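Chemist: Using our numbering, you'd call the opening residue of the sequence shown number 25 and step up by one each time. First the structure, then my questions, so here it is.
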Amino acid sequence: MSTRTDQLLEMLGVNTRNLEISAEVKKAFINGTFYHFSLERLDKAIASYQEVTATEAKFAPAWLFMGICYCQLGEYEEAIAAYEKATQIHPTSQIAVEAWNGQGFAFEQLKQPQKAAAAYEHALAIDPKNAAARSNQERLQLVAG
C-alpha cells in the first residue's frame with residue numbers, strides 16, 4: 025500500500041502493518057478512495073467498496089467510505105447499514121467514531137432525531153473531544169429545542 029493510503033488508514037485507526045488483505049483488494053480500495061471518491065464518482069466508488077467487502081468483509085474503511093458515499097447520494101438507509109458494519113468491526117476506533125457520526129447525520133436526514141442523538145452519543149463515548157460529533161450533537165439539541 026502506498027504511504028499516503030497508509031496515512032489515511034492510520035488516521036482512521038487502522039494499523040496497516042497488521043492488515044492481511046490481498047493486493048487486489050488493496051487496489052480496489054485505493055481506486056475507490058483516491059480516484060472515484062475524490063472525483064465524486066460515487067456510484068463507482070460504492071462498487072469498488074462493495075468489491076472490497078465481498079472478499080474482505082472485515083475491512084472497516086471500505087464500509088465507512090461506502091456509508092459516506094451513500095449519504096452523499098441521499099441513500100440514508102444504505103448509509104446507516106454500511107456505517108453499522110464499520111462500527112461492528114472496530115467498535116472503539118476512530119473509524120467507529122466517524123461511522124457513528126455519519127449514522128447520526130443519516131438518522132437526522134430520515135427525521136429520526138432520537139436515533140441521531142444516540143449515534144452522536146456513541147461517537148462521543150469513544151472520543152469525547154471529537155469536534156464533528158460534538159458540533160452535530162449541539163446542533164441537534166438546538167433544533168430539538
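Yeah, the Cβ is synthetic: ideal placement off N, Cα and C, and Gly gets one too. Quick caveat, the model's predicted, so the values are computed rather than measured.
Just how far apart, CA to CA, sit L164 and A141?
Modeler: For L164 and A141, the distance between alpha carbons rounds to 7 Å.
Chemist: Got a sec? Which residues, its chain only, sit under 7 Å from P137 by beta carbon, not counting five neighbours each side?
Modeler: Answer for P137: L164 and A168, listed in chain order.
Chemist: Does DSSP put H114 in a helix, a strand or coil?
Modeler: The answer is coil: DSSP assigns H114 none of H, G, I, E or B.
Chemist: Tell me the rounded alpha-carbon separation between A157 and K82.
Modeler: Rounded to whole angstroms, A157 to K82 spans 24 Å at the Cα level.
Chemist: Check whether the Cβ atoms of L88 and E122 sit closer than 8 Å, and answer yes or no.
Modeler: Yes, these two residues count as a Cβ contact at 8 Å.
Chemist: Which of the three DSSP states, helix, strand or coil, is assigned to G126?
Modeler: Of the three classes helix, strand and coil, the one that applies to G126 here is helix, per DSSP.
Chemist: Taking the alpha-carbon positions, what's the F131 to K139 distance?
Modeler: About 6 Å.
Chemist: Looking at the structure shown, is E75 part of a helix, part of a strand, or coil, going by DSSP?
Modeler: E75 falls in the helix class under three-state DSSP.
Chemist: With distances taken from CA atoms, which of I70, E108 and A110 is nearest C93?
Modeler: Measuring from the Cα of C93, the nearest candidate turns out to be I70.
Chemist: Since Q161 and Y144 should fall inside the 8 Å C-beta cutoff, what is the C-beta to C-beta distance between them, to a whole number of angstroms?
Modeler: Yes, Q161 and Y144 are in contact; Cβ-Cβ is about 4 Å, under 8 Å.
Chemist: Using only alpha-carbon positions, find the residue among C95, D151 and E80 that is nearest to G126.
Modeler: Ranking the options by Cα distance to G126, first place goes to C95.
Chemist: Indicate the three-state DSSP secondary structure (helix, strand or coil) for A81 in the structure shown.
Modeler: DSSP places A81 in coil when its eight states are reduced to three.
Chemist: Should S72 go down as buried or exposed, given a rule of 16 or more other Cβ atoms within 10 Å for buried?
Modeler: Label assigned to S72: buried.
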